[in-house]
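Since the structure comes first, as structure tokens, the remarks are kept for the end.
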Amino acid sequence: MSGSGGEIEVTVNGEVRTIESGHTVRSFLESLELHPGLVVVERNREILDRDAYDDVRVEAGDVLELVHFVGGG
Amino acid sequence: MSGSGGEIEVTVNGEVRTIESGHTVRSFLESLELHPGLVVVERNREILDRDAYDDVRVEAGDVLELVHFVGGG
Amino acid sequence: MSGSGGEIEVTVNGEVRTIESGHTVRSFLESLELHPGLVVVERNREILDRDAYDDVRVEAGDVLELVHFVGGG
Amino acid sequence: MSGSGGEIEVTVNGEVRTIESGHTVRSFLESLELHPGLVVVERNREILDRDAYDDVRVEAGDVLELVHFVGGG
Amino acid sequence: MTEMAVQEPVVRDEPLVVGGKEFRSRLIVGTGKYETNQEMVDAIAASGAEMVTVAVRRVDLDRTKEEGILYHLDPDRIFLLPNTAGCYTAEDAIRYARLGRKAGMSEFVKLEVIGDERTLLPDVQATLEAAKTLVDEGFTVMAYTNEDVVTALRLQDIGVAAVMPLASPIGSGLGLVNPYYIREIKSRLEVPVIVDAGVGTASDACVTMEQGVDGVLMNTALAAAEKPAVMARAMKLAVEAGRLAYLAGRMPKREWAVPSSPTEGMLE
Amino acid sequence: MTEMAVQEPVVRDEPLVVGGKEFRSRLIVGTGKYETNQEMVDAIAASGAEMVTVAVRRVDLDRTKEEGILYHLDPDRIFLLPNTAGCYTAEDAIRYARLGRKAGMSEFVKLEVIGDERTLLPDVQATLEAAKTLVDEGFTVMAYTNEDVVTALRLQDIGVAAVMPLASPIGSGLGLVNPYYIREIKSRLEVPVIVDAGVGTASDACVTMEQGVDGVLMNTALAAAEKPAVMARAMKLAVEAGRLAYLAGRMPKREWAVPSSPTEGMLE
Amino acid sequence: MTEMAVQEPVVRDEPLVVGGKEFRSRLIVGTGKYETNQEMVDAIAASGAEMVTVAVRRVDLDRTKEEGILYHLDPDRIFLLPNTAGCYTAEDAIRYARLGRKAGMSEFVKLEVIGDERTLLPDVQATLEAAKTLVDEGFTVMAYTNEDVVTALRLQDIGVAAVMPLASPIGSGLGLVNPYYIREIKSRLEVPVIVDAGVGTASDACVTMEQGVDGVLMNTALAAAEKPAVMARAMKLAVEAGRLAYLAGRMPKREWAVPSSPTEGMLE
Amino acid sequence: MTEMAVQEPVVRDEPLVVGGKEFRSRLIVGTGKYETNQEMVDAIAASGAEMVTVAVRRVDLDRTKEEGILYHLDPDRIFLLPNTAGCYTAEDAIRYARLGRKAGMSEFVKLEVIGDERTLLPDVQATLEAAKTLVDEGFTVMAYTNEDVVTALRLQDIGVAAVMPLASPIGSGLGLVNPYYIREIKSRLEVPVIVDAGVGTASDACVTMEQGVDGVLMNTALAAAEKPAVMARAMKLAVEAGRLAYLAGRMPKREWAVPSSPTEGMLE
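Chains as they are written, first to last, in this note's numbering: chain E, -13 to 59; chain F, -13 to 59; chain R, -13 to 59; chain B, -13 to 59; chain Z, 244 to 511; chain X, 244 to 511; chain V, 244 to 511; chain P, 244 to 511.
What follows is the structure in structure tokens.
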């Protein structure tokens, strides 16, 4: 269910979003103003290595979890 | 400070009362609807024996404390 | 490893015993002065019904556990 | 009950002692190898000032308590 | 295996003896603060108490048909123990004790001289002073005091009939805060030691009796329970339980486990 | 003011119901570790217990005139609850449970699977496993467990008839170490909660029942007391006292005092 | 008589070693529930903790200028310990552990698998299961568990780097409810025992360390104090005090008094 | 995130002021019962105490090279507080106080009048009597007393400089048996309240300070520890920890759990 024209649909942290196609993980994080060094990406239930952020592309239908450390006990 | 005519003033349980003169302790208690057998009388700081209730008269200026048992721990 | 002649070997409560052959469970219990009604018999890891004590025979090599209730918390 | 000749009897910390007569409190303390600065003297139930050690003489029959600080809670 | 067979060893205990008077029950209860007189009467009955405390107060002249406590309690069945509650000086306490003696049928008095309004802790000096006078006047003095064994010993020397240290402040329901002090007082005195005040629930009464004391006195724990009569019965049983446990001699405590069933005779 | 008048409100309490069977007494006692059988018999009678635990062990072939427990207890008057004490695996516990069922007259079993020899604390995983099998086989399982509410809830889900958390380790006599956990378990479960092990003296049993649990099981506290039968009676009373105190609703605790006698009506 | 003279014997203590990593401080603190990040930073500094726990959560996409914890803590100075808080299954806990490892700079994980929402007590079976997988994957597992020594021993057998029993429920502030169990766990294990959760105030931390455990972890006691940084410093001192008291060997307890001053040399 | 940033809020506390004299340390230690003088000196140094108690006793005439305490303590660095330990009457206590004043360099005296040899509990009446005389003579009286707030208030009225209730009997090491009474005394008095006697280990000192009292005095807990100097340092830290925890305001206690990590932001 990729978006028409240059757009695709992905699920990010539980919500479906329509984004431009062609994003790498890094460029996608930056588009969200997120610091790649502080965010861990789980793509379709698989955790990505940071150094793969440039290579891996965000595909239509991807289920992405973007997590980081927060205060906890 | 005895009352004028047939009346006198006495202090009973802290309050000044005007009563008829001539009362014995027993008749005074009965006038208050109190059972002499259940009430102890302290007259001018002196505790009266029950069998003196008939003889002792209530005089003007007497300070009477009429006490009994109440619930307590 | 049944005993020669009219004797067989059985394991009773962990110890090997040589007993006469031909015993039923009941007669065996009685030979031990045990009250069949108060003892439960496990034969080769199988618990016997009390009403089977007359039918079941003690065979050579049987492993018998004779148990009962004792004081416990 | 002063001692005959140059001797007198005094009670020091509960025990009767015979000492030479003529001692000042200070010389007496020194004769006991006690540091006057660390010892308080009670003479006949009266506490002496330290600067009186030179003037006050030990008399026959004196009851002296020589005390100091020891470990305590 | 009949109940009979064991009744005997189980029930053997001396009565509580105070001032020469014997009581089968070691529970003494107060009569204050109940919502209704019926509630009080039911609670006293359920508690099995043979001695109850009462206070001495002025008759209310404005109420006709005045109802004093004696309208509800039968002195032939329940022994009334007048107290000096509310007194803050020895003089006042002595005055109330004398009035109580006249109102009642005995020389018994529960002596209380309060030293502090917030905690209702006793004024031990005034208590000792009042106790001396009252003993001299022939009273059988049961003296409310704090957990101090020194004061308890002095009260005994003065000649009180019973020493009544508190478990915790009157009406607090905090229970037995300092069992060590209570045990110490009991072990040092010859007169009966009756713990007075602070008990809040049945286990408080039970653990208090387990210290070996001779009795327990309580009021608020019953009057302020949701169901006073039910709590009263609970207290009756708890006092008996604690007493019997003390007489039975408890098992030693251990910081490791010991099996209750045999370790031999296991199957293979 | 008659005792009658108050009997009623006082004694009203439901019986303890486990696996459809009713028990008037909320005290269950063990039969182990008594010095003599007479002592055991007297203690059980004095305790008023209607259910006692027994262990399954090999007959001692070397002793003639073997005396099993059944020579001393009348199963018509005392309900026998076989246990699996001494078992360290689910398999063993199941084996003992089956033998117990055959030896006894009921489907009841007190399931114990020990996980550690020094503390005799349960192996909760093995206990859950064994409970599942026994429930499937139609047993009425009363499961000994620790104070963990998570395990307690799972045992209930499996279908045990009663959950039996410990007060403190078996035979330790340390009493109710963690009332919070026990209250939590009781408040979360529908099946009866019977506190098993650790009670050392009467007040321990009393305070345990005050948490609202349905019953208490003990053995060493009686058998190791100086006078077992006297302690047994103390425990009977303490369990009843704690239960009634729970039903009565205790007074609130306060960190200040409240007088029991009126503050009005004092003399001048 | 100089301070120098005594420094030596006083300060001698080994560091806390977990998974081969050394920590001078035996206090570990959480980073949750502070009203402001400044408050958290100040409290951590005041606590002297070298290791802090952090949670793994989704980035909040709706907030621009998102502030994760790493904006406030310098991983070069503070060791970050990712936890699996909020997980109710072994599978979830494993997933969070893996994400935490990727986000962080180490193999360390504080494993938590919750079994009950109201008490936040652990699901010990799921914890054992998750611990096994994580140890196999090379994690340094610090496992939150209950006071059960049986479970603690199994966690050690599985190969966790530290066992973390609770003092009382997370966020309850009830303190060390069961010192006996904690002492037992410590005496039976070889891996470090770090008490996690339940500490409410300084004396709770102090008495916990006095049991001989290797460390304490807390969060709410600091974050929910009126002055978190002040409480954090109190906790730093209390943990050190408890540790030193344990090493010093306390005086024996006695139920009688012993004078501190000489009884000889009194005047007449 | 520098330690500096938080130093300030953390260390803010007023000094302990007794009789106009300021002390930075809230820990006062005794000098009795050490096996060697070196052990005492090291322990005092490690404790950080600025005030130590000493007893007044007869010089031992039979020993040459007599070693009084002053050979080991430098009065310029450590303030010496003479006590009246061992006195059983007001008269004796007054006599010792006067000797102590002459021997020392100040008007300070720790007044002790013992009422019972077994418990070493104070004779409160004799203590009040002696306190009155000594205050009239210009002494700065620090009065050892029991937990009774009534007596404490009277001592304040008489004009003592500090009231020193006990935590538990001298040398018992039972710790703070009755926090309620100590809190009550502190809340009612204006003069400093310094808890004296009974502390056994660091957590005892910590929990005592958490009640809000102004200081703690101890002797046996240090002298009878296996390693006095190490315990002394533990006590120094524990007293500071308890004080800061009191100033910080502890979290509320709850009988249920509250998560430390966010419940939002969990993965799906």
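In this text, a Cβ means the ideal position worked out from N, Cα and C, and glycines have one as well.
The three-state reading of DSSP puts F14 (chain F) in helix, counting H, G and I together. Fewer than three pairs of CB atoms, one per stretch, sit closer than 8 Å, so the stretch 432 to 446 of chain V makes no contact with the stretch 369 to 379 of chain V.
In this chain, the alpha helix (DSSP H) harbouring E483 (chain X) covers 471 to 491. Every unbroken stretch of the beta strand (DSSP E) spanning 3 or more residues and falling wholly within the stretch 397 to 466 of chain V is given here in chain order: 405 to 408, 437 to 439, 458 to 461. Between A481 (chain P) and C330 (chain V), the gap from beta carbon to beta carbon reaches 7 Å or more.
Under the three-state reduction of DSSP, G343 (chain X) is assigned to helix.
Distance from R338 (chain V) to G508 (chain P) at the Cβ level is roughly 14 Å; contact not present, criterion being Cβ atoms closer than 8 Å. Around the beta carbon of T506 (chain P), a 10 Å sphere encloses fewer than 16 other beta carbons of the protein chains shown; the residue is thus reported as exposed. Neighbours of E511 (chain V) across chain B, judged by C-beta separation under 7 Å: G0. Excluding its 5 nearest sequence neighbours in each direction, Y489 (chain V) has C-beta neighbours in its own chain below 7 Å: M452, E453, G455, listed in chain order.
Taking R269 (chain Z) as reference, the option from Z:G262, Z:G311, Z:D303, Z:E257 with the minimal CA-CA separation is Z:E257. In the three-state DSSP reduction, P502 (chain V) falls in the coil class, being neither helix nor strand. Annotated as distal: G275 (chain P) and N389 (chain P), with beta-carbon spacing of 7 Å or more.
Contact annotation: L409 (chain P) and D366 (chain P) have beta-carbon atoms that are not nearer than 7 Å. Within a 10 Å sphere around the beta-carbon of S446 (chain X) sit 16 or more other beta-carbons, which makes this residue buried. If you check the CB distance, F14 (chain R) and V44 (chain R) come in under 7 Å. Bounds of the alpha helix (DSSP H) holding A289 (chain X) are 280 to 290.
The residue from E:P22, E:A46, E:R31 with its alpha-carbon nearest to that of D37 (chain E) is E:P22. With three or more CB-CB distances shorter than 8 Å, the stretch 284 to 299 of chain Z counts as touching the stretch 463 to 472 of chain Z.
Against chain V, the CB of L52 (chain E) has a partner CB under 7 Å away; the residue lies at that interface. In this structure, the CA atom of V356 (chain X) is about 14 Å from the CA atom of V406 (chain X).
Annotation: the continuous alpha helix (DSSP H) that includes L371 (chain V) extends over 367 to 379.
Looking at the DSSP output, H54 (chain F) sits in a beta bridge with Z:R300.
I413 (chain P) and I271 (chain P) have their C-alpha atoms roughly 15 Å apart. The shortest C-alpha to C-alpha distance from T(-3) (chain E) to any of E:E28, E:G58, E:V42 is the one to E:E28. Annotated three-state conformation of A46 (chain R) is coil, per DSSP. In the DSSP assignment, R320 (chain X) falls outside any beta strand (DSSP E), carrying neither H nor E. Annotation: Cβ neighbours of E28 (chain R) in chain X (cutoff 7 Å, chain order): L342. In the assembly as shown, A46 (chain R) is an exposed residue. Its beta-carbon has fewer than 16 other beta-carbons within 10 Å.
In the structure shown, P22 (chain F) falls within a helical segment according to DSSP collapsed to helix, strand and coil.
Here K353 (chain V) is buried. Its C-beta has 16 or more other C-beta atoms within 10 Å. Check the Cα spacing between A373 (chain V) and each of V:L304, V:T362, V:A340, V:R426: the tightest is with V:A340. Boundaries of the beta strand (DSSP E) around G273 (chain Z): 270 to 273. The closest CA to that of V384 (chain V), considering only V:G402, V:V392, V:R397, V:L396, is found on V:G402. Taking all protein chains in view, the Cβ of T327 (chain P) is crowded by 16 or more other Cβ atoms within 10 Å, so the residue is classified as buried.
For K353 (chain P), the uninterrupted beta strand (DSSP E) run begins and ends at 351 to 354, by DSSP.
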